[in-house]
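A.B. asks:
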Amino acid sequence: MMSDKTHEASGKTQETNPLNPDVTRRTFLKASAAVGGAAVFLGALPEVQQALARLNAPATYALADPTNQIYSVCLQCNTGCGIKVKLADGVAAKIDGNPYSPWTLWPHPAYDTPVKDMATVEGGICPKGQAGLQTAYDPYRLVSVLKRQPGTKRGEGKWIAISFEQAIDEVVNGGDLFGEGHVDGMKAVRALTDTELAKEMGAEVALIWNEKDPDKKKALVEEFKTKFKDHLDVLIDPAHPDLGPKNNQFMFVWGRMKGGREDVVHRFVQEAYGSINMNGHTTVCQGSLYFTGKQMSSKWNAAKSTFDSGDKFYWQVDTANSEFVIYVGTNLFDSNYGPPQRVPKATDAYINGRKFAVVDPRLSKLAAKAWKWVPIKPGADAAFALGMIRWMLENEKYHKDYLAIANVAAQTAAGEPNYTNAAWLVKIKDGKPGKHLRASELGLLEAETEKDKDGKDVTVYVAKDGTKYPGDTPVALVEGKPIPIDVLDPEAAPVVGDLLVNQKVGDFEVKDGLQILLESAQEHTIAEWAEIAGVRESDILELAAEFTSHGRKAAADIHRGPSQHTNGFYNNNAWYVVNLLIGNFDYAGGSIKASTYDRKGSKKGQPFPVTTMFGEHHFAPFGIDMLRTKTTYEKSTLFDGTYPTKRPWFPIATDVYQEDVPSIGDAYPYPVKILMTYMAALPYSLPGGQKVIEILADTKKLPLFIASDIMIGETSMYADYIFPDLSYLERWEFHGSHPSVPWKVENVRNPAIAIPGWPDVKVWGEDIPLSFEAIFLGIAEKLDLPGFGPNGFAAGLPYIRPEDFYLKQVADIAFGEKEDGSDSVPEADDEEVRIFMEARRHLPKSVFDPDKWKAAVGGDESLWRKAIYVMNRGGRYQAFEKAYKGAQVANKYGRLINLYQEKTATSINTMTGKPFVGYTKYIPAGLSSTGEEIKHDGYDLHLITFKTMTMAKARGISNYWTLAVVPEGYLLINSQDAAQLGIQDGDMVRITSASNPEGAYDLQNGKKQPIEGKAKVTEGLRTGVAAFPLGFGHWASGAADQEINGQLIKGDPRRAVPLMANGAMQLDPVLGNVTLSDLAGGSAVFYDSKVKVTKV
Amino acid sequence: MSDAPQKQDVLVQMQVDLKRALEKPKDQRRWVMVLDLRKCVGCHACTISCVAENKLPPGVVYRPVLEEEIGTYPNVTQRFMPRPCMQCDNPPCTPVCPVNATYKNDDGVVVVDYDQCIGCRYCITACPYGARTFDFGATYTRGTPEVAGLIVGQQTADDYERAPSYEYGAEHARTGDEESPIGNVRKCHFCLHRLDVGMLPACTTTCIGRATLFGDANDPDSVVAGLIASPNVMRLKEDLGTEPRVYYLV
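Top line first, the protein sequences correspond to chains U and G. Start counting the first sequence at 267; every next residue gets the next number (the numbering used here). Start counting the second sequence at 530; every next residue gets the next number (the numbering used here).
1) Report yes or no: is there a C-beta of chain G within less than 8 Å of the C-beta of Tyr327(U)?
2) Got a sec? Which residues, its chain only, sit under 6 Å from Phe1146(U) by beta carbon, not counting five neighbours each side?
3) What residues in the region 602-613 of chain U bring their beta carbon closer than 7 Å to a beta carbon of chain G?
4) In the DSSP assignment, what residue or residues form a beta bridge with Gln1270(U)?
5) For Val314(U), count the other beta carbons within 10 Å of its own beta carbon; 16 or more makes it buried, fewer makes it exposed. Which is it?
6) What whole-angstrom Cβ distance do Pro368(U) and Val387(U) have, given they're in contact under 8 Å?
7) For a minimum of 4 consecutive residues, which ranges assigned as the alpha helix (DSSP H) are wholly contained in the region 642-685 of chain G?
8) Three-state secondary structure (DSSP) at Ile1174(U)?
9) With Leu1229(U) as the anchor, note down where its alpha helix (DSSP H) starts and where it stops.
10) List the residues of chain G that Leu629(U) touches, going by C-beta distances under 9 Å, in chain order.
11) Considering just the uninterrupted stretch of the beta strand (DSSP E) at Asp723(U), what are its terminal residues?
12) Taking Pro393(U) as the reference, which of Tyr689(G), Asp706(G), Leu679(G), Ala731(G) has the closest Cα?
13) Beta-carbon within less than 8 Å of Val639(G)'s beta-carbon, same chain only, minus the 5 sequence neighbours each way: which residues are those?
14) Does the beta-carbon of Val609(U) have 16 or more other beta-carbons within 10 angstroms, so that it is buried, or is it exposed?
15) With respect to the alpha helix (DSSP H) encompassing Ser1355(U), which residues constitute its N-terminal and C-terminal limits?
16) Hey, quick one: how far does the beta strand (DSSP E) through Ala1077(U) stretch, first residue to last?
17) Relative to the C-alpha of His884(U), which residue among Phe516(U), Pro606(U), Glu462(U), Ser1343(U) is closest?
18) List the residues of chain G whose Cβ lies closer than 8 Å to the Cβ of Leu399(U), in chain order.
19) Taking the Cβ atom as the reference point for each residue, do Asp1277(U) and Ala1266(U) lie within a distance shorter than 8 Å?
20) Check the Cβ-Cβ distances between Gly389(U) and every residue of chain G, and say whether any is below 8 Å.
21) Can you pull the chain U neighbours of Ser578(G), defined as C-beta to C-beta under 7 Å?
22) Grouping DSSP H, G and I as helix and E and B as strand, with all else coil, what is Ile542(U)?
23) Output the distance between the C-alpha atoms of Phe1298(U) and Val519(U), rounded to the nearest integer angstrom.
24) Taking the alpha carbon of Ala729(U) as the point to measure from, which residue in Leu962(U), Thr739(U), Asp723(U) has its own alpha carbon closest?
25) Any contact between the region 699-716 of chain G and the region 336-343 of chain U? By contact I mean 3 or more CB pairs, one from each, below 8 Å.
26) Report buried or exposed for Gln1246(U), applying the criterion of at least 16 other Cβ atoms within 10 angstroms of its Cβ.
27) Return the chain-ordered list of same chain residues with a C-beta closer than 6 Å to the C-beta of Ala676(U), the five sequence neighbours on each side being excluded.
28) Do Pro511(U) and Ala464(U) count as a contact pair if the criterion is CB distance below 8 Å?
29) Beta strand (DSSP E) containing His748(G): first to last residue?
30) Quick one: measure Cβ to Cβ for Ile848(U) and Asn838(U), integer angstroms, because I've assumed they're closer than 8 Å.
31) Counting only Cβ-Cβ distances shorter than 7 Å, please list the residues of the region 1000-1031 of chain U near chain G, keeping chain order.
32) Check for me: the beta strand (DSSP E) holding Ile1239(U) runs from which residue to which?
33) Report buried or exposed for Ile349(U), applying the criterion of at least 16 other Cβ atoms within 10 angstroms of its Cβ.
34) What does the Cβ neighbour count give for Thr791(U), buried or exposed, with the cut at 16 atoms within 10 Å?
35) Whose Cβ in chain G lies nearer than 9 Å to the Cβ of Met1215(U)?
36) Let me make sure I understand the geometry here. Which of Ile782(U), Ala568(U), Asp696(U) has the alpha-carbon closest to that of Asp755(U)?
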């Protein structure tokens, strides 16, 4: 039930009626201020004496006291800077940079510096971080669960407040919840409850998928139906058992979610509830960047002679040590993971004479400081890069010795940190590159069966000289002779291959990856590449010459700019390949990757393997996921040999945010019955968001919609239930790291404040704050889900409170990654324990109960003190001097980088039926999902977006301090275009497009939001391009009126300021209800739209 | 590693400088601020940090950053200029005060005695740098809704605005709508209350470009002493003879 306890800022608790605000905390504060010390007497003294008293008063600066400070992690954007929350009587009064964190000081001080010595030290954070208090203390934050008022429509803005208990009961049990007929709840949708049966069914589905013969596949489906004839009712469609159980009709979608919470969601959705559908938001940010990384990092599987999946990740530049950087569509002075940690290194570099260039249609603040600003045509990034690649290859300005290394053995011998497949031969068929040539195809190896040490038959591949290989291998030419490559064995023969091969080997026409690249780069002259990119030929030549003048200490740094195009995958790949040609990966000043301490306890010896501790049983969910990312169309029973599919499948990308809601709308591959969203701003953040609204508002397409949100936001305003969440200053999370941080780290977000009056709820007999975690614990209790409850982790090891999960993760991080514990942090001494406890004296017991916290790490005193040691520092940070070993980084990527991507080249684009291109290639931007050009008659301006330093996309509008700096969004337009259109600086303009000729969002229920804002005429933008900053133009999140229990919650006009123009962006003409997408890399397309701008 | 790591973050270096300066008698130290415009990236972290540190209400800003676009496409750039109080050695703002509420203190910082200030605002007009603003007693959360039990509401949300500032070493909680500094003229004071406990000004520690530098110009070993001897140093409106203690590196 809702507690009627009110937590006072002082940490005291008093009984008040939440509906009767007579006893407000203001009156309390006023009363308690009198206890503040000398101040109380001052009023009674004559003026002169007052002045003297002040003069003699000792310096009081309570914020400098370590017991008034809690170290945590920012979430005002996704950078994750360490913060120090300074408390005045339990109120967060100021936020500064956590001095232990490599994000805020460079170099960061020693990790073992006593916490009391850091009380007066602080590092730099950005204006959003400074304004974080206003996210926590936002008047519009909800403190009660809301239910859409029965009899009103979704999005109408009428709500009733209900108790947490009632809300959980309704979402679990369903019923006629809104007077619109029966709605299935979480219980009914979870048709499959037998975890053993799920495992058996899942195994059979895997067999169906792996069967290539269509008739045999059909037979396997029939066998499935026979074998499970008594349980077919648990399936979505028995004719297609691979759609999985009805459980899959519960889908969870998140916007910004970090470690910890992500692990809990995984446990709830997958292992406990048994649904396959949990999707992140990756593709709305820079998805194609992650998935280019995934394909370039595909791992060679020696036994299977094929590639396994790579890692969803990306590389960034080692900002501190690079001698020359080309920043492409990346803006580290305003965003980009992130300013506090990258800017000091960048300013230090250029003040000391190091050059950098910025390739961006807009003169960003970064570009303002650049040696060269290249205002490229949006979407032509790969053309520019291929111009550079052509010059580098033809002028032999690439690292031949590195690229020739073809396996681990040769890499080790050369002392390199990684190697590529540049020298591996690729078979060419009809002029097109396909798969790598395998040694057995040339007869270099023959398969033989032998017994392994357990007596099992295994296949090995044997060369004529008797050398055994673990599987069929790729081949390189070495001095013209084909040689099998034992890729992974460090003891095998090193293979240093010939480069630029183009010949016949045996019966096969072959080229190596580098030759394929050269030919792709030679599709155009450099002058032609420059023309395509809309730049001068000299731009390409000058950047190429500078880039190749610093050995391995030059790098191209890419981010959202090149990514969010229909050709994003290939733009990113082209720039990564520019880096690869000089071999800068894993080198100081080159391309590096993130490194974090294991928070899942998956290393030997770590105390709590939390993501595999489920008590007695748990689900292994199965079936095709709603976004069609986890299996391929061709493997599924939906495959009928025809293309295009109703909606695209994504064999490479996952977490395709723009597909979540349209897939629900089309019920493809199956209908969703319950959607739960978390920190998601789908209609606001996505291009073409108006189409998202249309579907979310439709109760027939989406019968039940539950949202976790801190206020009534652009997504949650269409929900049936909103569960209020804690802000980032009140909760747990593990923020992880970013690629440009060379140190191994983990950032620990932990509760720093409690909002006065915040309600507690009761789950599993425990009082915990109303929160995201409460939803899962509450539903799990009601449905008796595995992985939760008194034996949630193991017999006697409960998961009944939020910290039961998170503190185990803190303990894992504190323990480190060596089995013998030698990597663990020190135990907090008594003084540090005292500071830890006192700093949390204002937190209510439902948040901070030392006994319960200690119990969460198993009651072990030593582990508890180590956990305190980590929390006292806001995380764990590798020592400054440990980041590099010689010229290389210590925390290496360290393995195969695919210059040629066999895995991509063998993946099918289901909208065309053709395979994706597996190498660096220029493909024009802005094509439809079927690869057609889109006509933009009458719409001539190219619309792009950017970020200002003061805003982080969807969140930030509640921060009045930063709004004072940039009070509203605007449309940037070059003065030449403005003159042509008769637009003056400050004119109100409307933005229309072929996809949105009206230039408005249809918010449903008769409400419209015009796509209008003021023009800002500038010289700092490529002509023909218009740009707007993300973060403004809200129609919820406190911007518009809402009504709860008949009481009006008036919107704040400061939060309703223009401009949001995502709604004017180009929709895919084939699919109709979704933005353009990069079907390879998954990105939602922000930068390939043409618009008309008219004065209103 | 290819580059020798710098020994310390300049923030740490300056804090060490500061501690050394604090050991000297007040009249032997000379606080100055150096703004390296080459390193200022126009992020406004200083602006907001100052607002948060000193609990500044709407309309009161000690530390704005001005932005300017220069040139024509494609030969164009931007310039960012932070503009704190210049802490002039010859301040035009202090003589106009009818009640001597504003003066240069022992530290050479132009301060406002909130108890003496009558809010006449002559000094605002007198300052050639626009460094002074008036506290009308507004709050950022004013006008936001208050609906108990449903939303956090204005009365709880303004906790952070009502929390005390520590300006001039005293607690100024804005618990009401009238007490000082409401009704006073307010201005940058180099965060004297932080200097007192060995901390740099709030704008300085949060400067992500490390463009804001602070310290004792009389200490030849300090970071700032080295910088103000550079040939590329300038001060604003020097022709007025105000002798600012804020230097710009261009």
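Here a beta-carbon is modelled for each residue, glycine too, at the ideal position from N, C-alpha and C. A quick note: this is a predicted structure, and the numbers were derived from the prediction, not measured.
C.D. replies: In terms of the structure at hand:
1) yes
2) Pro373, His374
3) Pro605, Pro606, Val609, Pro610, Thr613
4) Lys1273(U)
5) Low local confidence applies: a pLDDT of 38 at Val314(U) is under 50, so the model's placement there is unreliable, with the coordinate-based value given in what follows. When all chains shown are included, Val314(U) counts as exposed.
6) With a beta-carbon spacing of about 14 Å, Pro368(U) and Val387(U) fall beyond the 8 Å limit used to define contacts.
7) 651-655
8) Residue state for Ile1174(U) is assigned as strand, using DSSP reduced to three classes.
9) 1226-1231
10) Against chain G, the beta carbon of Leu629(U) has neighbours under 9 Å at Glu598, Tyr602, Pro603, Val605, Thr606, Gln607, listed in chain order.
11) 723-729
12) Ala731(G)
13) Excluding five sequence positions before and after Val639(G), the CB atoms of its chain that fall closer than 8 Å to its own CB belong to Cys614, Gln616, Cys617, Pro620, Cys622, Thr623, Thr631, Tyr632, Lys633, Lys716, His718, given in chain order.
14) buried
15) Note, Ser1355(U): premise wrong, no alpha helix (DSSP H); beta strand (DSSP E) at 1355-1361.
16) Where Ala1077(U) is concerned, there is no enclosing beta strand (DSSP E), although the alpha helix (DSSP H) it sits in stretches over 1068-1081.
17) Glu462(U)
18) Under a criterion of Cβ atoms nearer than 8 Å, the residues of chain G adjacent to Leu399(U) are, in order, Ala581, Tyr689.
19) A small correction: the amino acid at residue 1277(U) is Ile; Asp does not occupy that position in the sequence shown. Yes. Within cutoff.
20) It does: the Cβ of Gly389(U) has a partner Cβ on chain G nearer than 8 Å.
21) Gln396
22) coil
23) 23 Å
24) Thr739(U)
25) no
26) exposed
27) Pro760, Val761, Val762
28) Cβ distance < 8 Å, so Ala464(U) and Pro511(U) count as in contact.
29) The identity of residue 748(G) in the sequence shown is Asp, whereas the question assumes His. Here Asp748(G) belongs to no beta strand (DSSP E), and DSSP marks it neither H nor E.
30) No, Ile848(U) and Asn838(U) are not in contact; Cβ-Cβ is about 17 Å, not under 8 Å.
31) Ile1021, Pro1022, Gly1023
32) 1236-1240
33) buried
34) So Thr791(U) ends up on the exposed side.
35) Val570, Gly571, Cys572, His573, Ala574
36) Ala568(U)
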